[in-house]
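Chemist: Numbering (this note's numbering), first residue to last: 591 to 929.
Think of the CB as a built atom: it goes at the ideal place given N, C-alpha and C, for glycine as much as any other residue.
#1: Between which residues of its own chain and residue 896 is the CB-CB distance below 7 Å, once the five residues before and five after are set aside?
#2: Would DSSP call residue 732 helix, strand or coil?
#3: Give me, in chain order, the residues of the same chain whose beta-carbon lies closer than 6 Å to that of residue 869; leave out the 5 immediate sequence neighbours on both sides.
#4: Would a C-beta distance cut-off of 9 Å place residue 591 and residue 711 closer than the cut-off?
#5: Could you please give me the residues that DSSP links to residue 720 through a beta bridge?
#6: Determine the extent of the alpha helix (DSSP H) in which residue 687 is found, giving its start and end residues.
#7: Hey, could you find the ends of the beta strand (DSSP E) residue 820 is sitting in?
#8: Indicate whether the contact test is met: 3 or more Cβ pairs, each with one atom in the region 738–747 and one in the region 759–771, closer than 8 Å.
#9: Distance check for residue 704 and residue 817, CA to CA, integer angstroms please.
#10: Pairing CB atoms from the region 681–700 with CB atoms from the region 747–765, are three or more of them under 8 Å?
#11: Using DSSP with H/G/I as helix, E/B as strand and the rest coil, what is residue 625?
#12: Excluding sequence positions up to five away, which residues of its chain have a Cβ less than 6 Å from the Cβ of residue 770?
#13: With a CB to CB cut of under 7 Å and the five nearest residues on each side skipped, what residues in its chain are close to residue 851?
#14: Could you please give the first and the last residue of the uninterrupted alpha helix (DSSP H) stretch that includes residue 831?
#15: Put residue 781 into one of helix, strand or coil per three-state DSSP.
#16: Under the rule that 16 or more other beta-carbon atoms within 10 Å means buried, what is residue 639, buried or exposed?
#17: Between residue 673 and residue 733, which are expected to be in contact by the criterion C-beta below 8 Å, what is the C-beta distance as a whole number of angstroms?
#18: Our contact map puts residue 663 next to residue 677 with C-beta atoms below 8 Å; I'd like the distance itself, whole angstroms only.
#19: Residue 706 by DSSP, collapsed to three states: which one?
#20: List in chain order: all unbroken alpha helix (DSSP H) runs of 4+ residues lying wholly within the region 877–902.
#21: Whether or not the region 878–891 and the region 904–911 are in contact is what I'm after, with contact meaning three or more pairs of Cβ atoms, one per stretch, closer than 8 Å; do they touch?
#22: Are the region 881–893 and the region 913–923 touching by the rule of at least three beta carbon pairs closer than 8 Å?
#23: Hey, residue 648 and residue 634 are a contact pair by Cβ (cut 8 Å); roughly how many whole angstroms apart?
#24: Helix, strand or coil: which one does DSSP assign to residue 648?
#25: Pick helix, strand or coil for residue 692, following the three-state DSSP scheme.
#26: To the nearest angstrom, how far is the alpha carbon of residue 802 from that of residue 789?
#27: In whole angstroms, give me the CA-to-CA distance for residue 659 and residue 610.
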């Protein structure tokens, strides 16, 4: 079976993967039609992804078709088009018992801790498949990215008319922008890359993008009359940005780290205490986010298809992914098609 494997940092290659087994109890055999490229994939390629082992078949943003189901499966049927919730939690640890399966202490994420979807077929727990009767495979491959942003906004408990600053205008940042806007927040975006800011403005005209050639804090102070942000979402995965993002948070505000980086984040403790800032991490997403997002997309409330700027086939991934991981490539979202 055709697949792509990352054998070590910098080495992506075609791979003859074994055919998956017949689905067992509670499982489903799926055919992969679309694979979204994620920052996780790029970081893994460059050897910068935490919690990662090599060799690995990447791919966790997937639009798939159900080919067969095992005993006891009732939520899906053969032929269904689905998005995958790629977080394989244990169901019994402290976090899972509290309903927080997104940060299961025994978490196995497809394409990160176990082999993912850069292959033609695989078997997954049927409960992790979320059906749509109307969405395209392209749209279904974008649901997981949207879920990451939705969960970050939930973590911050963003309310109507609050000021939200999103740092990083990549797909995760754009997803956070999308859900902050849906809550009626005033949204501003910080990024050093002019093309990303231009894309953000085109996709979301209501957003205020700050000029990367000027002081971000001075612009934010001016716009908010000194109040700064109620919530800051740092979606960069950059240690320097994460440490500096505290200065944009106003008194009693919240800072959410949704980007992930190797190493230690440091910030000014007196500033943290003086403003009584709430610091939050946002990991993965919750199962409930997937059907909610699919429903919103089906109703036309969310349409992220314009995010897709680059496409390739499965066989082209070893050539294209390294090129598209570079900022100069201008990628917002890249998608590989298997059909």
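Modeler: In short, the structure shows the following:
#1: The sequence position of residue 896 within the chain shown is 306, counting from 1. 793.
#2: As a working mapping, residue 732 is identified with position 142 in the chain shown. Coil, per DSSP.
#3: On the chain shown, residue 869 is found 279 positions in, with the first residue counted as 1. So the qualifying residues of the chain are 845.
#4: Counted from its first residue, the chain shown places residue 591 at position 1. Counted from its first residue, the chain shown places residue 711 at position 121. Contact flag set, yes.
#5: Locating residue 720 in the chain shown gives position 130, counting from the first residue. For residue 720, which the question treats as bridged, DSSP gives the partners 673.
#6: Within the chain shown, numbered from 1, the residue matching residue 687 stands at position 97. Run containing residue 687: 684–687, per the alpha helix (DSSP H) assignment.
#7: As a working note, residue 820 is residue 230 in the chain shown. Segment 819–824, the beta strand (DSSP E) holding residue 820.
#8: yes
#9: The residue labelled residue 817 in the question sits at position 227 within the chain shown. The residue labelled residue 704 in the question sits at position 114 within the chain shown. Straight-line Cα distance between these residues: approximately 45 Å.
#10: no
#11: As a first step, residue 625 is located in the chain shown; it is residue number 35 there, counting from the start. Of the three classes helix, strand and coil, the one that applies to residue 625 here is strand, per DSSP.
#12: As a working mapping, residue 770 is identified with position 180 in the chain shown. Excluding residues within five positions, the ones whose Cβ falls inside 6 Å are 743, 748, 754 and 777.
#13: Within the chain shown, numbered from 1, the residue matching residue 851 stands at position 261. The answer, listed in chain order, is 827, 828, 829 and 832.
#14: Sequence index remark: in the chain shown, residue 831 carries index 241 (1-based). Looking at the DSSP string, the run of the alpha helix (DSSP H) that includes residue 831 is 829–834.
#15: As a first step, residue 781 is located in the chain shown; it is residue number 191 there, counting from the start. Three-state DSSP puts residue 781 in coil, outside helix and strand.
#16: Mapped onto the chain shown, residue 639 falls at position 49. When all chains shown are included, residue 639 counts as buried.
#17: Position 83 of the chain shown, counting from 1, holds the residue named residue 673. Position 143 of the chain shown, counting from 1, holds the residue named residue 733. Sure, about 4 Å apart at Cβ, within 8 Å.
#18: Numbered from its first residue, the chain shown carries residue 663 at position 73. Numbered from its first residue, the chain shown carries residue 677 at position 87. 19 Å between Cβ atoms; not a contact.
#19: Here residue 706 is taken as the residue at index 116 of the chain shown, counted from 1. Coil, per DSSP.
#20: 879–888
#21: no
#22: no
#23: Here residue 648 refers to the residue found at position 58 of the chain shown. Here residue 634 refers to the residue found at position 44 of the chain shown. With 8 Å as the limit, residue 648 and residue 634 qualify as a contact, their Cβ atoms being about 6 Å apart.
#24: Numbered from 1 along the chain shown, position 58 holds the residue referred to as residue 648. Residue state, collapsed to three classes: coil.
#25: On the chain shown, residue 692 is found 102 positions in, with the first residue counted as 1. Looking at residue 692 - three-state DSSP - the assignment turns out to be helix.
#26: By 1-based counting over the chain shown, the position of residue 802 is 212. By 1-based counting over the chain shown, the position of residue 789 is 199. Those two C-alpha atoms are separated by around 14 Å.
#27: Against the chain shown, residue 659 aligns to sequence position 69. Against the chain shown, residue 610 aligns to sequence position 20. If you take the alpha carbons of residue 659 and residue 610, they lie about 13 Å apart.
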